[in-house]
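S.K.: Before anything else, here's the structure in question.
Protein chains: 2
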Amino acid sequence: MTLDRSATMQDLARLAGVSVATVSRALSGKPGVSSATRSAIARLAREHSYTENLPARALSSGRTGRIAVTLPNVQAEYFARILAGAAQVIHDGGFSLVLETTQHEPGRQSDAIQRFMKMGVDGALLLLPAESDREISALYDSGFKFVIIDPIDQVTAPLPWITSTYAMGARRAIEHLVDLGHRRIALITGEPYLFSTKERLHGVRQALEQAGIPLEPGLVRESRYTDPAGAYEATLDLMRLPEPPTAIFAFNDRLAFGTLRAAHALGVAVPGTLSVVGFDDLEAAELVSPGLTTVRQPLSTMGSTAATMLSQLINEQDPPAMHMQLATELVVRHSTAAPR
Amino acid sequence: MTLDRSATMQDLARLAGVSVATVSRALSGKPGVSSATRSAIARLAREHSYTENLPARALSSGRTGRIAVTLPNVQAEYFARILAGAAQVIHDGGFSLVLETTQHEPGRQSDAIQRFMKMGVDGALLLLPAESDREISALYDSGFKFVIIDPIDQVTAPLPWITSTYAMGARRAIEHLVDLGHRRIALITGEPYLFSTKERLHGVRQALEQAGIPLEPGLVRESRYTDPAGAYEATLDLMRLPEPPTAIFAFNDRLAFGTLRAAHALGVAVPGTLSVVGFDDLEAAELVSPGLTTVRQPLSTMGSTAATMLSQLINEQDPPAMHMQLATELVVRHSTAAPR
DNA sequence: ATACTGAACGTAACCGGTTGCGTTCGGCGG
DNA sequence: CCGCCGAACGCAACCGGTTACGTTCAGTAT
Chain A
0 MTLDRSATMQ DLARLAGVSV ATVSRALSGK PGVSSATRSA IARLAREHSY TENLPARALS
60 SGRTGRIAVT LPNVQAEYFA RILAGAAQVI HDGGFSLVLE TTQHEPGRQS DAIQRFMKMG
120 VDGALLLLPA ESDREISALY DSGFKFVIID PIDQVTAPLP WITSTYAMGA RRAIEHLVDL
180 GHRRIALITG EPYLFSTKER LHGVRQALEQ AGIPLEPGLV RESRYTDPAG AYEATLDLMR
240 LPEPPTAIFA FNDRLAFGTL RAAHALGVAV PGTLSVVGFD DLEAAELVSP GLTTVRQPLS
300 TMGSTAATML SQLINEQDPP AMHMQLATEL VVRHSTAAPR
Chain B
0 MTLDRSATMQ DLARLAGVSV ATVSRALSGK PGVSSATRSA IARLAREHSY TENLPARALS
60 SGRTGRIAVT LPNVQAEYFA RILAGAAQVI HDGGFSLVLE TTQHEPGRQS DAIQRFMKMG
120 VDGALLLLPA ESDREISALY DSGFKFVIID PIDQVTAPLP WITSTYAMGA RRAIEHLVDL
180 GHRRIALITG EPYLFSTKER LHGVRQALEQ AGIPLEPGLV RESRYTDPAG AYEATLDLMR
240 LPEPPTAIFA FNDRLAFGTL RAAHALGVAV PGTLSVVGFD DLEAAELVSP GLTTVRQPLS
300 TMGSTAATML SQLINEQDPP AMHMQLATEL VVRHSTAAPR
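Chains as they are written, first to last, in numbering that gives the first Met the number 0: chain A, 0 to 339; chain B, 0 to 339.
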């Protein structure tokens, strides 16, 4: 004979002949309960399939057991994989995960931060947050616990943030092309104001400088990371130059896909006439032909690392570092070769 | 001068010189408050940036304002796009979204349903739930509100479930191949016990029957939807037959990608020697070469439709239908042509 | 035997809202 | 002028836990 509503602590207390306080202590493993009572209560809880009322616990304890993750969108494999890594750790830590997609609407975003964040959750993972450094600092000052993954810009507040080694990855990509013998290397960048873009550019500059190759402004085109069509146009444009590049480093894989399509449309052989390197190593990178040489980002690890740091923060432990940069890795496939 | 903690209703009540009850009624738009008082309270709330305490509201009202979404994983574009569609509606409805990835672990899943479901949220969207029909029915009987997307098997309980028109889509795919002149058409299916697999098979049979073509068992191979490598092997196998097929219908795009790679590895021209059709229309379908002819599923719409139905359920309205099948659409690209 | 101590448990306040019911009061019909 | 009524608001219980503090009582030192 089960109750129509699920059992509460009062029910268990009545059944066990003790007070609610004792039940609470017994179930949460706190001291002050004899082992006999404790096991009796545990048994009753099992028999009557007691389920804690999360809102009630949250209200009285101040901890909700929930972690929010905000991200621009979830369709993009890039974000989805970071989210997946974070979700694993969040669930394993006994938290539940509140998802907030911002769709790059600044209004909704600060709404999320101002309202939703302040009371629904114990902390948050902010993925590519649209907030300015000022807003971020304000949020930090308010005492809210959060970790930033892939910030728009350098973070100055003393809070943890996570990126991958953009500069190093870009450097490896260029070095790879240089090693193959390329000297006219074009770039298709993403949004120029993004930290990740600046870092990639930095890495490119380092590598070119070391190789003694000047960076020709005419070989640098700008698109948006989400817009392969921009890369498509840029590639058409680049290949129509009097002296076209022999290699293109696209700042992410989606852009690289646009480049590959453009090359295909132009009848330009890849890697015969044109080498192409991407960044991210999305699943599709090995599906396209030729398989795309690209810089792999440890996306899932970025998510799980961030989640780990956040739970340390929530548990009042000091995180191991303020800025963690996770290693990237060059994956050589078939879109790069020596220039003819 | 702001408070260190965010303002509560008690604060507003004190400031406005009224009781908490009045503040509650004013803020939630309930009757019994003069318009003067109402606007005064609204102004105070704004000035002191009052934020409702969600757990408290949930505790007293019984409604949490949260909707759970459970799915096997979030990396897969298939699920991610359904999730995205659902997230949009959930947020627009003023709910927040609790994400639970099940990773196909049955233990964790029923845990989610038994515990987490029962009190943290007002309802749930179950994406490809691993539960048996019996468990689903039990959950339904417990009064919990939920909608199923893409069930493992036919749902018998009187609850809403959503699929796309698998049979019709598969039928169109076969008809397309038949129209092109193919008569030896191979299949690479997913898990045979899945509703979606059975339905696709059903559609295939209908189309073949209508065309007067027998379904040769030797041309039907089985893989798993998540395993392109299985399709790769199956394709190698099929093309080594004494009389190889002239077309392969892979039951989803990931499998089709495996087939394309196998064809490439074998030096079999697509669509010259072999036509390939997929199912889903993932982003990569137009990135691979040749562009994949496939059956488009309205993934985002499946998610948003499900979320809409769920909120109707939560608001005690009757959903328009128990089983909604959303239209699929054949997208013809360049992986299909007449057999040589 | 007395006083002290600590384990085990109860009491009650509290978290921040929601809501049924009671109270006040101004206006209006008779 | 009395009585009635509804609008506007307060009171207080309640949702289901957590936790500081008080109480009981058995065991032990003196």
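We put the beta carbon where it would ideally sit given N, CA and C, even for glycine.
For A/Ser95, would you say it is in contact with chain B, using Cβ-to-Cβ distances shorter than 8 Å as the test?
M.R.: As a first step, residue 95 of chain A must be located in the first sequence, where it is residue number 96. Chain B, which has a Cβ nearer than 8 Å to the Cβ of A/Ser95, makes this yes.
S.K.: Shorter than 8 Å from the beta carbon of B/Glu76 to some beta carbon of chain A?
M.R.: Here residue 76 of chain B refers to the residue found at position 77 when the second sequence is read from its first residue. B/Glu76 counts as touching chain A.
S.K.: Using a Cβ-Cβ cutoff of 9 Å, what residues of the segment 258–271 of chain B are near chain A? List them in chain order.
M.R.: Cβ contacts with chain A: Leu259, Arg260 and His263.
S.K.: Which residues in chain A sit within 9 Å of B/Val287, going by Cβ to Cβ distance?
M.R.: Taking the first residue of the second sequence as 1, we reach residue 287 of chain B at position 288. By Cβ distance, chain A contributes Ala283, Leu286, Val287 and Ser288.
S.K.: Consult DSSP for B/His263 and reduce its assignment to one of helix, strand or coil.
M.R.: Position 264 of the second sequence, counting from 1, holds the residue named residue 263 of chain B. If DSSP states are grouped into helix, strand and coil, B/His263 belongs with the helices.
S.K.: Does any C-beta atom of chain B lie closer than 8 Å to the C-beta of A/Leu82?
M.R.: Within the first sequence, residue 82 of chain A is the residue found at index 83, counting from 1. Yes, A/Leu82 lies at the interface with chain B (some Cβ there is under 8 Å from its Cβ).
S.K.: May I ask you to list the residues that DSSP assigns as paired with B/Thr7?
M.R.: On the second sequence, position 8 is the one that residue 7 of chain B refers to. Bridge partners of B/Thr7: none, in fact.
S.K.: Compare the C-alpha of A/Gln324 against each of A/Gly142, A/Pro159 and A/Gly119 and name the closest.
M.R.: By one-based count along the first sequence, residue 324 of chain A stands at place 325. Of A/Gly142, A/Pro159 and A/Gly119, the residue nearest in Cα terms is A/Pro159.
S.K.: Return no unless some Cβ of chain A is closer than 8 Å to the Cβ of B/Gly180.
M.R.: As a first step, residue 180 of chain B is located in the second sequence; it is residue number 181 there, counting from the start. It does not; no Cβ of chain A falls within 8 Å.
S.K.: With DSSP collapsed to three states, give me the class of A/Leu329.
M.R.: The residue labelled residue 329 of chain A in the question sits at position 330 within the first sequence. In this structure, A/Leu329 counts as strand in the three-state DSSP scheme.
S.K.: Based on the DSSP output, what are the partners of A/Ala185 in its beta bridges?
M.R.: As a working note, residue 185 of chain A is residue 186 in the first sequence. Looking at the DSSP assignment, A/Ala185 forms a beta bridge with A/Ile247.
S.K.: Using a Cβ-Cβ cut-off of 6 Å (strictly less than) and excluding sequence neighbours within five positions of B/Gly168, which residues of its own chain qualify?
M.R.: Within the second sequence, numbered from 1, the residue matching residue 168 of chain B stands at position 169. Within the same chain, B/Gly168 has close Cβ partners Val294 and Thr327.
S.K.: Run through chain A and tell me which residues come within less than 9 Å of B/Val88, C-beta to C-beta.
M.R.: Here residue 88 of chain B corresponds to residue number 89 of the second sequence, with the count starting at 1. Neighbours of B/Val88 on chain A: none; closest Cβ ~12 Å, over 9 Å.
S.K.: Provide the residue(s) that pair with B/Ser274 in DSSP beta bridges, ordered along the chain.
M.R.: For this step, residue 274 of chain B is matched to residue 275 along the second sequence. Bridge partners of B/Ser274: B/Ala246.
S.K.: Apart from the five residues just before and just after A/Arg24, which ones in its own chain have a Cβ nearer than 8 Å to its Cβ?
M.R.: Taking the first sequence and counting its residues from 1, one reaches residue 24 of chain A at position 25. Excluding positions up to five away in sequence, the list reads Pro30, Gly31 and Val32.
S.K.: Is the Cβ-Cβ distance between B/Leu237 and B/Pro243 less than 8 Å?
M.R.: Walking along the second sequence from the start, residue 237 of chain B turns up at place 238. Walking along the second sequence from the start, residue 243 of chain B turns up at place 244. Taking 8 Å as the Cβ cut-off, B/Leu237 and B/Pro243 qualify as a contacting pair.
S.K.: Go ahead and pull the three-state DSSP assignment for B/Ala129.
M.R.: Walking along the second sequence from the start, residue 129 of chain B turns up at place 130. If DSSP states are grouped into helix, strand and coil, B/Ala129 belongs with coil.
S.K.: With respect to the beta strand (DSSP E) encompassing A/Ser48, which residues constitute its N-terminal and C-terminal limits?
M.R.: Taking the first sequence and counting its residues from 1, one reaches residue 48 of chain A at position 49. Premise fails: A/Ser48 is in no beta strand (DSSP E) and is neither H nor E.
S.K.: Assuming A/Thr335 contacts A/Thr292 under a Cβ cut-off of 8 Å, what Cβ separation, rounded to an integer in Å, is found between them?
M.R.: Taking the first sequence and counting its residues from 1, one reaches residue 335 of chain A at position 336. Taking the first sequence and counting its residues from 1, one reaches residue 292 of chain A at position 293. With 8 Å as the limit, A/Thr335 and A/Thr292 qualify as a contact, their Cβ atoms being about 4 Å apart.
S.K.: Measuring CA to CA, which of B/Phe278, B/Met308, B/Leu98 and B/Gln9 is closest to A/Leu82?
M.R.: Counting from 1 along the first sequence, the entry for residue 82 of chain A is found at position 83. Among B/Phe278, B/Met308, B/Leu98 and B/Gln9, the Cα nearest to that of A/Leu82 belongs to B/Leu98.
S.K.: In or out: A/Met0 buried (at least 16 other Cβ within 10 Å) or exposed?
M.R.: Position 1 of the first sequence, counted from the start, is the residue given in the question as residue 0 of chain A. Per-residue confidence for A/Met0 stands at a pLDDT of 35, beneath the threshold of 50, marking its modelled position as unreliable; the derived number appears in the next sentence. It counts as exposed.
S.K.: With A/Val17 as the anchor, note down where its beta strand (DSSP E) starts and where it stops.
M.R.: Here the question's residue 17 of chain A lines up with position 18 in the first sequence. A/Val17 -> no beta strand (DSSP E), and no H or E assigned at all.
S.K.: For B/Met0, does the three-state DSSP call read helix, strand or coil?
M.R.: In the second sequence, residue 0 of chain B corresponds to position 1, counting from 1. No answer about B/Met0 holds up, because its pLDDT of 36 lies below 50 and its placement is not dependable.
S.K.: So, helix, strand or coil for A/Asp236, using DSSP?
M.R.: For the purposes of this step, residue 236 of chain A is taken as the residue at position 237 of the first sequence. Three-state result, A/Asp236: helix.
S.K.: So which residues of chain B does A/Ala79 contact, with C-beta pairs closer than 7 Å?
M.R.: Start at 1 with the first residue of the first sequence, and residue 79 of chain A comes out as number 80. Residues of chain B passing the Cβ test: Val73, Gln74 and Ala79.
S.K.: Given that a residue counts as buried once 16 or more other Cβ atoms are within 10 Å of its Cβ, and exposed if not, what is B/Glu51?
M.R.: Counting from 1 along the second sequence, the entry for residue 51 of chain B is found at position 52. B/Glu51 should be labelled buried.
S.K.: May I have a chain-ordered list of the beta strand (DSSP E) segments no shorter than 3 residues that lie completely inside the segment 161–235 of chain A?
M.R.: DSSP runs (the beta strand (DSSP E)) wholly in the segment 161–235 of chain A: 184–188 and 219–221.
S.K.: Report buried or exposed for A/Thr101, applying the criterion of at least 16 other Cβ atoms within 10 angstroms of its Cβ.
M.R.: Residue mapping note: residue 101 of chain A aligns to position 102 of the first sequence, counting from 1. That one is buried.
S.K.: Per the contact definition of three or more C-beta pairs closer than 8 Å, is the segment 194–213 of chain A in contact with the segment 296–311 of chain A?
M.R.: These segments do not touch.
S.K.: Cβ closer than 7 Å: which chain B residues qualify as neighbours of A/Gly189?
M.R.: Taking the first residue of the first sequence as position 1, residue 189 of chain A is located at position 190. Under the 7 Å cutoff, chain B gives no residues; its nearest Cβ is about 18 Å from A/Gly189.
S.K.: Bridge partners of B/Glu324, per DSSP?
M.R.: For the purposes of this step, residue 324 of chain B is identified with residue 325 of the second sequence, where counting begins at 1. In the sequence on display, residue 324 of chain B carries Gln and not Glu. Answer by DSSP bridge pairing, in chain order: B/Thr162.
S.K.: Give me the residue from A/Leu125, A/Arg183 and A/Thr63 with the minimum Cα distance to A/Pro338.
M.R.: Walking along the first sequence from the start, residue 338 of chain A turns up at place 339. Ranking A/Leu125, A/Arg183 and A/Thr63 by Cα distance to A/Pro338 puts A/Arg183 first.
S.K.: Closest by CA to A/Pro54, which one among B/His90, B/Ala283 and B/Gly119?
M.R.: Residue 54 of chain A sits at position 55 when you count from the first residue of the first sequence. If we check each option's Cα against that of A/Pro54, B/Gly119 comes out closest.
S.K.: Using the beta-carbon count (16 or more within 10 Å), is B/Asn251 buried or exposed?
M.R.: Here residue 251 of chain B corresponds to residue number 252 of the second sequence, with the count starting at 1. Buried, since its Cβ has 16 or more Cβ neighbours within 10 Å.
S.K.: Using the Cα positions of B/Phe94 and B/Pro71, report the straight-line distance between them to the nearest angstrom.
M.R.: Your numbering for residue 94 of chain B matches position 95 in the second sequence. Your numbering for residue 71 of chain B matches position 72 in the second sequence. Cα-Cα distance, rounded: 22 Å.
S.K.: What whole-angstrom Cβ distance do B/Leu124 and B/Ala79 have, given they're in contact under 8 Å?
M.R.: Translated into the one-based positions of the second sequence, residue 124 of chain B becomes position 125. Translated into the one-based positions of the second sequence, residue 79 of chain B becomes position 80. Not a contact, Cβ separation roughly 14 Å.
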